[in-house]
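A.B. asks: First, the structure itself, so that you have it in front of you.
Protein chains: 2
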Amino acid sequence: MRPRFILLGDSITEESFSPAGGWGAALTSRYARKADVVLRGFSGYNTRWALFLLSRLFPAGSEDTPALVTIFFGANDAALPDGSHKRQYVPLPEYKENLLKIISSVKSLSKDTLIVLITPPPVDEATLQVAAWKFFGARPEDASPRKNEITGHYAKACVEVAREAEVPVIDLWTCMQEQPGWQTSYLSDGLHLTPEGNGVVFEKLVEVLNKKGLSFEAMKWDFPEHGDVNAENPAKTSW
Amino acid sequence: MRPRFILLGDSITEESFSPAGGWGAALTSRYARKADVVLRGFSGYNTRWALFLLSRLFPAGSEDTPALVTIFFGANDAALPDGSHKRQYVPLPEYKENLLKIISSVKSLSKDTLIVLITPPPVDEATLQVAAWKFFGARPEDASPRKNEITGHYAKACVEVAREAEVPVIDLWTCMQEQPGWQTSYLSDGLHLTPEGNGVVFEKLVEVLNKKGLSFEAMKWDFPEHGDVNAENPAKTSW
């Protein structure tokens with residue numbers, strides 16, 4: 045069995061194999077022949093709903109434990125409690141508790157699984173407001189369904205959970221805003237990622253994997269490279 | 045368990061999650077939430093070497109049978125027996141036998157698995173010769189390591205195997221050459237696929253899946269769409 049990398053999250057994970065340079069596809073390509081990337085992105089989900097997935101995603105007693113689980117929620121939890129997406133809203137303290145429960149669920153299977161938290165990316169309110177109007181029929185005068193400052197509180201909470209649980213974290217909300225023009229270079233509709241935004245997730249994740257013993261180079265080939273096949277007598281190859 | 049789509053082949057499969065619009069990534073994106081796409085591309089492999097993978101890819105007695113297996117070999121088998129890539133060469137009759145053995149291996153697990161053969165794409169000899177010179181140091185006066193006419197024999201043999209084994213086939217070699225300018229629009233280096241070439245594989249494969257009961261619409265969601273979650277009382281959702 046090849047080691048498995050499970051990508052758990054919301055639409056930003058679900059869309060990570062989009063033709064426009066998705067970070068999940070890039071990870072699959074990078075780790076081809078060495079790891080299987082398993083897409084478990086659930087568009088629209090928040091951490092409260094994600095809890096109902098855990099018993100099937102990480103069944104108790106399973107010996108088929110993943111090498112890596114990325115946990116990438118918060119963009120929906122941070123919906124405004126009185127906005128058009130209020131059904132997705134999860135209060136900040138509950139968001140933290142839920143993240144801890146997800147982490148515990150993974151850790152209960154194996155201490156060897158690398159868990160990486162990813163904070164929600166920043167929100168470009170102006171663009172998101174236009175998108176809300178175009179796609180969901182929200183009136184232009186309505187507030188954007190998300191506020192960057194609020195999403196920032198969830199990102200900060202995610203970083204705190206990572207510290208508490210002693211797992212690595214990628215603080216997308218902070219690092220993306222360090223780049224001038226992040227609103228359009230990294231975000232396609234004020235919330236989801238452009239190819240460049242996907243590239244940031246991929247690069248940051250590979251940095252973590254390299255540090256934590258899951259670099260491509262450190263992992264074993266599943267079946268030999270073609271140059272190592274004994275062409276004269278293939279049966280003598282170390283299959 | 046989500047249904048699994050296994051993509052078995054050589055480098056044209058292994059590279060199918062490349063950032064430039066790979067067909068494997070597109071398939072993963074299309075079937076997100078419904079099927080897991082498993083990459084089993086082996087750069088440089090021919091059908092002779094692929095036989096050594098079968099007992100581990102499709103272990104006898106396994107009940108975890110895939111919903112789909114694509115078998116996409118031939119580009120390496122068709123290397124010239126006296127050319128710079130001769131170690132990859134497999135004679136035409138053996139290529140056919142090997143494809144039949146791979147098909148039998150999948151069928152022995154389950155009659156319900158959809159098997160789709162894919163022929164090698166055409167070869168642009170002029171471009172491939174330059175690539176061979178640039179990357180492998182072949183002298184410019186050396187023959188291209190592959191000939192389009194020869195690869196065409198393998199493609200025809202692949203179509204014959206599909207007819208004999210009664211499985212669908214995508215005849216890339218023929219359909220790509222029906223498009224003027226295929227040499228550069230579909231091929232990046234005379235052998236591997238451009239984003240447009242990847243798009244052809246994806247479209248043709250989705251056509252087959254749609255006809256054979258594996259359309260996205262015909263498959264079940266793994267966990268409900270977020271709009272079907274009971275937000276007031278999530279536990280009452282049909283998880």
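Protein chains in written order, with this note's numbering: chain F, 45 to 283; chain P, 45 to 283.
All residues carry an ideal CB built from backbone N, CA and C; glycine is no exception.
1) Does DSSP put residue 201/F in a helix, in a strand, or in coil?
2) Once you ignore the five residues that flank residue 267/F on each side, which residues in its own chain have a CB closer than 7 Å to its CB?
3) Counting only Cβ-Cβ distances shorter than 7 Å, please list the residues of the region 96-130 of chain F near chain P, keeping chain order.
4) Would you mind stating whether residue 163/F and residue 91/F have Cβ atoms separated by less than 9 Å?
5) If you compare alpha carbons, which of 82/F, 173/F, 131/F is closest to residue 271/P?
6) How about residue 112/P and residue 157/P: do their beta carbons lie closer than 9 Å?
7) Take residue 169/P and list the residues in its own chain whose beta-carbon comes closer than 8 Å to its own, dropping the five residues that flank it on each side.
8) Examine chain F for any beta-carbon lying closer than 9 Å to the beta-carbon of residue 80/P, and answer yes or no.
9) So does the region 57-73 of chain F actually touch the region 62-75 of chain P, counting three or more Cβ pairs closer than 8 Å?
10) Is it buried or exposed, residue 84/P, if we count other Cβ atoms within 10 angstroms and call 16 or more buried?
11) From residue 120/P to residue 136/P, what distance separates their C-alpha atoms?
12) Exposed or buried, which one is residue 88/P when buried takes at least 16 other CB atoms within 10 Å?
13) Using only alpha-carbon positions, find the residue among 45/P, 51/P, 110/P, 66/P that is nearest to residue 230/P.
14) Residue 58/F versus chain P: which residues are under 8 Å apart at the beta carbon?
15) Rounding to the nearest angstrom, what Cα-Cα distance links residue 116/P and residue 211/P in this structure?
16) Could you name the residues of chain P that residue 267/F contacts, counting a contact when the two beta carbons are closer than 7 Å?
17) Just the Cα atoms here: how many angstroms apart are residue 153/P and residue 253/F?
18) Using the Cβ count rule (16 or more neighbours within 10 Å means buried), how would you classify residue 68/P?
19) Could you check what DSSP says for residue 267/P in three-state terms: helix, strand or coil?
20) Under a Cβ-count criterion, where at least 16 other Cβ atoms within 10 Å of its own Cβ denotes burial, should residue 126/F be classed as buried or exposed?
21) If distances are taken between C-alpha atoms only, which option among 236/F, 207/F, 206/F, 208/F comes closest to residue 220/F?
22) Kindly list, in the order they appear in chain F, the residues whose Cβ is closer than 9 Å to that of residue 91/P.
23) Name, in chain order, the residues that DSSP records as bridge partners for residue 49/P.
24) Terminal residues of the continuous alpha helix (DSSP H) containing residue 134/P?
25) Look up residue 162/F in the DSSP assignment and give the residues it is bridged to.
26) Could you name the residues of the region 254-278 of chain P whose beta carbon sits closer than 8 Å to any beta carbon of chain F, in the order they occur along the chain?
27) So residue 66/P contacts chain F; which residues on that side make the cut at Cβ distance below 8 Å?
28) Look at the alpha carbon of residue 81/F and the alpha carbon of residue 166/P, and state the distance between them as a whole number of angstroms.
29) Where DSSP assigns a beta bridge to residue 64/F, which residues make up the other side?
30) Taking a contact to mean a Cβ-Cβ separation below 9 Å, would you say residue 110/P touches residue 150/P in this structure?
31) Exposed or buried, which one is residue 248/P when buried takes at least 16 other CB atoms within 10 Å?
32) Helix, strand or coil for residue 237/F, going by three-state DSSP, please let me know.
33) Apply the 10 Å Cβ neighbour rule to residue 277/P and answer buried if 16 or more other Cβ atoms are within range, or exposed otherwise.
34) Beta-carbon separation of residue 160/F and residue 114/F under 9 Å?
35) Show which residues of chain F have a CB atom less than 9 Å away from the CB atom of residue 281/P.
36) Short of 7 Å in beta carbon distance, which residues of its chain neighbour residue 122/P, apart from the five on each side in sequence? Order them along the chain.
C.D. replies: The short version:
1) Here residue 201/F sits in helix by DSSP.
2) The beta carbon of residue 267/F is closer than 7 Å to those of 283 in its chain, skipping five residues each way along the sequence.
3) Taken in chain order, the members of the region 96-130 of chain F whose beta-carbon sits within less than 7 Å of a beta-carbon on chain P are 96, 97.
4) Annotated as distal: residue 163/F and residue 91/F, with beta-carbon spacing of 9 Å or more.
5) Checked all of 82/F, 173/F, 131/F; the closest Cα to residue 271/P is 131/F.
6) Result yes, Cβ atoms of residue 112/P and residue 157/P sit closer than 9 Å.
7) For residue 169/P, where only same-chain residues beyond five positions count, the Cβ hits under 8 Å are 188, 190, 191, 192, 234.
8) Answer yes: the Cβ-Cβ gap between residue 80/P and chain F drops below 9 Å somewhere.
9) The region 57-73 of chain F vs the region 62-75 of chain P: in contact.
10) Burial call: buried.
11) Each residue's Cα considered, the two are about 12 Å apart.
12) Flag for residue 88/P reads buried.
13) Checking every option, the nearest Cα to that of residue 230/P belongs to 66/P.
14) Chain P residues near residue 58/F: 76, 77.
15) Their Cα atoms are separated by approximately 13 Å.
16) Under the 7 Å cutoff, chain P gives 86, 97.
17) Going by the C-alpha atoms only, they are around 36 Å apart.
18) It counts as buried.
19) Note: residue 267/P maps to coil in three-state DSSP.
20) With fewer than 16 Cβ atoms within 10 Å of its Cβ, residue 126/F is classed as exposed.
21) When each option's Cα is compared against that of residue 220/F, the closest is 236/F.
22) Neighbours of residue 91/P on chain F: none; closest Cβ ~11 Å, over 9 Å.
23) DSSP lists 81/P, 112/P as partners of residue 49/P.
24) For residue 134/P, there is no enclosing alpha helix (DSSP H), since its DSSP letter is neither H nor E.
25) Residue pairing of residue 162/F in beta bridges, as defined by DSSP: 214/F.
26) Those residues of the region 254-278 of chain P placed with their C-beta closer than 8 Å to a C-beta in chain F are 267, 269, 270, 271, 273, 275, 278, ordered along the chain.
27) Simply 69, 73.
28) In this structure, the CA atom of residue 81/F is about 30 Å from the CA atom of residue 166/P.
29) DSSP lists 64/P as partners of residue 64/F.
30) In this structure, residue 110/P lies near residue 150/P, with their beta-carbon atoms less than 9 Å apart.
31) Buried: at least 16 other Cβ atoms inside 10 Å.
32) The answer is strand: DSSP assigns residue 237/F an E or B state.
33) Exposure of residue 277/P is indicated by the presence of fewer than 16 other C-beta atoms within 10 angstroms of its C-beta.
34) In contact: residue 160/F and residue 114/F (Cβ atoms closer than 9 Å).
35) For residue 281/P, the C-beta contacts it makes with chain F under 9 Å involve 93, 96, in order along the chain.
36) Excluding residues within five positions, the ones whose Cβ falls inside 7 Å are 164, 190, 194, 195, 198.
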